[in-house]
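Student:
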Amino acid sequence: MSESPNKLIKFWQELKRRKTGKVIVAYAATGFILLQLADILTPALLLPAWTTRLITLILIIGFPIAVIFSWVFEITPEGIKKTESFEESDKKVTPTKPVKRKLTPSYIINAILIIAVIVLAYPKIFKRDTLEKLRSSGERISVAVMPFQNMTNDTTWNVWQDGIQNNLITSLSNSEELKVRQIESISGLLQNKGLTNYASITPSIASKISQKLDANVFINGSINQSGTTIRVNAQLVNAKTEEIFKSFQIDGTAENILGVIDSLSGQVKNSLLISKLKKAVTKDFQTYGSTTSSEAYRNFIYGQNAFMKRDYPTAISFLIQALDIDPNFIYSSFLLAFAYSFTDNMDQAKKIVLQNHMKRDQISLQSMKILTDYQYAYFFETPLEQIKYLRQSQQIDDQQPFNNYDLGNAYINMFQYDKAIPEFNEALGIYEKWGVKPAWIYYYTDLGIAYHKTGQHKKEKKLYKKAEQDFPDDSVLIRRQAILSLTEGDTVAVNGYIKNYISRSKERSASDASIANYLALTYEEAGILNKAEKYYRQALSLEPKNSERMNNLAWFLIDKDRNIDEGLKLIDNALELSPDSYYMLDTKGWGLYKQGKSKEALEFIEKSWDLRTIYHHELYLHLEAAKKAVANQKNN
């Protein structure tokens, strides 16, 4: 039993002799400093987001190398030498001399490293309480309102010292998210301290009183006068640190002092409530939700949450209410346009986009200006313009995952799946860094599409396993899993996914024809064309007068070269019902193109292109193919 402790002591002595411990400490300190510098410099120098991860990987790989090197070698005045073994060192007899400590370079370097680590780590470990922290906590913010100080030299204004305090307390007390200390409690503590002269209520005294009342925040302020102008100043102050979170300044006249107080109450209340409400918004949307109305923001939150759940009609309703309260709430109208487009109301969507784009110069937030440009490009230009604006948005903030998601989506729309994959992965990486799940399922499924199109089925399968944890039983995910299982020939899994998908669809009151159509799309993407055709025909048989069902089967028969003549007959019937449908005109043109009727095909495809609602890359390719065929016919 005694040998083990002796071995440990001997090993510890050997570590000290070889100075390995010092190397470990110095390596860890240096690594920490490098990571902090990378965290600071990466956004400043517009370096890629993976820079910090690369440095971390290099440091991890380098750690065992540094430890082994320090064990085997030592640095001496004569250079690097192999460290003698304990037995060799013990044989050498050296005369003992009085030890006099010297300030060696190693001590100085270690001291500098330790100081640097403390300086960098201190604000992260001992971060002061902030209003944002108070707002985002699950509890209500507790507020104490101090009497305002009359700085006008006119005693007739003394009555408003308590008047403003009382009005603020009344206004803030109407909010369920705030706990407001009542005037009796505050007045009682002030009287106990003998503070009848409000000019003597310093921030330090206000802080102590607020803490006795368990208030997180206190509000103090003053009344000032210049000529006929009355100015009321106020501050939101951290009760613990006396840090001023935000200041307010309202000007008016003696005649409209009540209006000044109401305006101040509204601004203070909204400032406290909006960020409190922000905890209900996904982190990537918090930057852009800018309004001075807490009620507008509350409706925006409801709309945004519905949008992410793909309940677009509900989203539209709440976003409209937010804009009714604050017409300048630009991000609410940004989401509203997309919500309209996802319900096929493209006219209304484009109307909003044009309105936003016309007043882009009035938008103060640069990042929101760029998003307005991006949305305009989405509806009226091409993915190339979209990519340009999204790259500009990344230069402002490279930690916004929807920038990467929209980039990936733009590449997918141009069938550039290899370019889409790193963008989607970067978006998911940001969410992983934040420790939260992605905002919606498409972050996973669109990456899955890119993996599927590039034949990376193992990665696709692993991705869906992760997606299941964040979005269990999501119908969009189930369909992607069914397509993958069909592609891999996993019959058992396919049957389970399809059964689940049908069940979920019926819960949403989807029609049998819609379910059959989605099954057809599923089998088509998996390359099982006979089954796909069966379900396209089934969908049409269930709704024989539906032009959409006619077009879907016609497109399948034409594009897959299964029966072009039948496809053209079907699309003729569909066009009688929907003559201005751009995608049905494209189906007709593509069928004629495949029959070698290039000139007629070009007429239909050009008409389709002119009527399209947004950029459509496949339609663009059809147009180019038809133009080329017509040109070749002329040259021959």
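Take any residue in the sequence shown, note its place counting from 1, add 123, and you have its number in this note's numbering.
The beta-carbon is built from N, C-alpha and C at its ideal position, and this holds for glycine as well.
#1: Rounded to the nearest angstrom, how far is the Cβ of I328 from that of I353, given a contact under 8 Å?
#2: Going by C-alpha distance, which of P187, Y646, S490 is nearest Y658?
#3: Under the DSSP definition of a beta bridge, which residues are partnered with A357?
#4: When the Cα atoms are used, what is the spatial distance from V617 to E546?
#5: Between L725, I191, G154, which lies nearest to L763 when the distance is taken from Cα to Cα?
#6: Can you give the beta carbon distance from L313 to I332, rounded, assuming they're within the 8 Å contact cut?
#7: Identify whether K302 lies in helix, strand or coil by the three-state DSSP scheme.
#8: What does the Cβ neighbour count give for R514, buried or exposed, with the cut at 16 atoms within 10 Å?
#9: For W563, which residues of its own chain have a beta-carbon under 6 Å away from its beta-carbon, when the five flanking residues on both sides are left out?
#10: Considering only their Cβ atoms, is the gap separating I486 from I439 smaller than 8 Å?
#11: Between the segment 272–292 and the segment 363–374, do at least 3 Cβ pairs fall closer than 8 Å?
#12: How long is the line joining the alpha carbons of R263 and N343, rounded to whole angstroms?
#13: In the DSSP output, which residue or residues are listed as bridge partners for S817?
#14: Which same chain residues end up closer than 6 Å to M124 when comparing Cβ atoms and leaving out the 5 residues on each side of it in sequence?
#15: Is DSSP giving I324 helix, strand or coil here?
#16: Buried or exposed for A362, going by 16 or more other Cβ atoms inside 10 Å?
#17: Return the CA-CA distance between D252 and T364, expressed in angstroms with no decimal places.
#18: Smallest Cα separation from N451: which of S464, Y435, R483, S634?
#19: Could you spell out where the alpha helix (DSSP H) holding I264 opens and where it closes?
#20: Any idea if S608 is buried or exposed, counting beta-carbon neighbours within 10 angstroms, 16 or more meaning buried?
#21: Considering only DSSP beta bridges, list what T352 is partnered with.
#22: Take H480 and list the residues in its own chain whose beta-carbon comes closer than 7 Å to its own, dropping the five residues that flank it on each side.
#23: Should K720 and L691 be called a contact, given that it needs their Cβ atoms to be closer than 8 Å?
#24: Measure the CB-CB distance between L652 and K683 and report whether it falls below 8 Å.
#25: Distance, Cα to Cα, L446 vs I493?
#26: List the residues that DSSP assigns as beta-bridge partners of Q93.
#27: Determine the closest residue to S386 out of L291, Y574, K576, with distance taken between C-alpha atoms.
#28: Can you check the segment 717–749 for any beta strand (DSSP E) of at least 3 residues that lies completely inside it and give the ranges in chain order?
#29: Can you give me the C-alpha to C-alpha distance between E583 and A152, rounded to a whole angstrom?
#30: Excluding sequence positions up to five away, which residues of its chain have a Cβ less than 7 Å from the Cβ of A543?
#31: Going by C-alpha to C-alpha distance, which of I367, D569, D520 sits closest to F538?
#32: For a quick check, are the C-beta atoms of Q358 and I346 less than 8 Å apart?
#33: Does the Cβ-Cβ distance between L725 and A749 come in under 8 Å?
#34: F727: which of L715, P436, A590, I737 sits nearest, CA to CA?
Tutor: In short:
#1: About 26 Å separates the two Cβ atoms, so there is no contact after all.
#2: Closest option to Y658, Cα to Cα, is Y646.
#3: Bridge partners of A357: G344, F371.
#4: Rounded to whole angstroms, V617 to E546 spans 29 Å at the Cα level.
#5: It is not possible to answer for residue 763, since the shown part of the chain is limited to 124 through 759.
#6: Correct: roughly 7 Å between the Cβ atoms.
#7: DSSP places K302 in strand when its eight states are reduced to three.
#8: Around the beta carbon of R514, a 10 Å sphere encloses fewer than 16 other beta carbons of the protein chains shown; the residue is thus reported as exposed.
#9: Beyond the five residues adjoining it in sequence on each side, W563 comes within less than 6 Å, by CB distance, of M431 in the same chain, given in chain order.
#10: In this structure, I486 does not lie closer than 8 Å to I439 by Cβ.
#11: Taking one beta carbon from each stretch, the segment 272–292 and the segment 363–374 have fewer than 3 pairs nearer than 8 Å; the two do not touch.
#12: Roughly 20 Å separates the two Cα atoms.
#13: Nothing in the structure corresponds to residue 817, since the chain is present only between 124 and 759.
#14: At M124, the pLDDT of 46 sits below 50, so the modelled position is not reliable and the matter cannot be decided from this model.
#15: Under the three-state reduction of DSSP, I324 is assigned to coil, being neither helix nor strand.
#16: Buried, because 16 or more other Cβ atoms sit within 10 Å of the Cβ of A362.
#17: Any reading at D252 must be qualified, since the residue scores a pLDDT of 44, below 50, and its modelled position is unreliable; no value is offered.
#18: Checking every option, the nearest Cα to that of N451 belongs to R483.
#19: Following the DSSP letters along the chain, one finds I264 in no alpha helix (DSSP H) but inside the beta strand (DSSP E) bounded by residues 264–268.
#20: S608 should be labelled buried.
#21: Beta-bridge partners of T352 (DSSP): S349.
#22: Once the five neighbours on either side are set aside, the close Cβ partners of H480 are T495, Y499.
#23: In this structure, L691 does not lie closer than 8 Å to K720 by Cβ.
#24: Cβ atoms of L652 and K683: closer than 8 Å.
#25: Rounded to whole angstroms, L446 to I493 spans 20 Å at the Cα level.
#26: Past the edges of the chain, shown from 124 to 759, lies residue 93, and the structure says nothing about it.
#27: For S386, the nearest C-alpha among the options comes from L291.
#28: List check, beta strand (DSSP E) in window: nothing returned.
#29: So the two alpha carbons sit approximately 39 Å from each other.
#30: The residues G531, Y534, I535, A573, in chain order, have a CB closer than 7 Å to that of A543 in the same chain once the five nearest residues on each side in sequence are set aside.
#31: If we check each option's Cα against that of F538, D569 comes out closest.
#32: Contact: no.
#33: Contact: yes.
#34: In terms of CA proximity to F727, L715 leads the group L715, P436, A590, I737.
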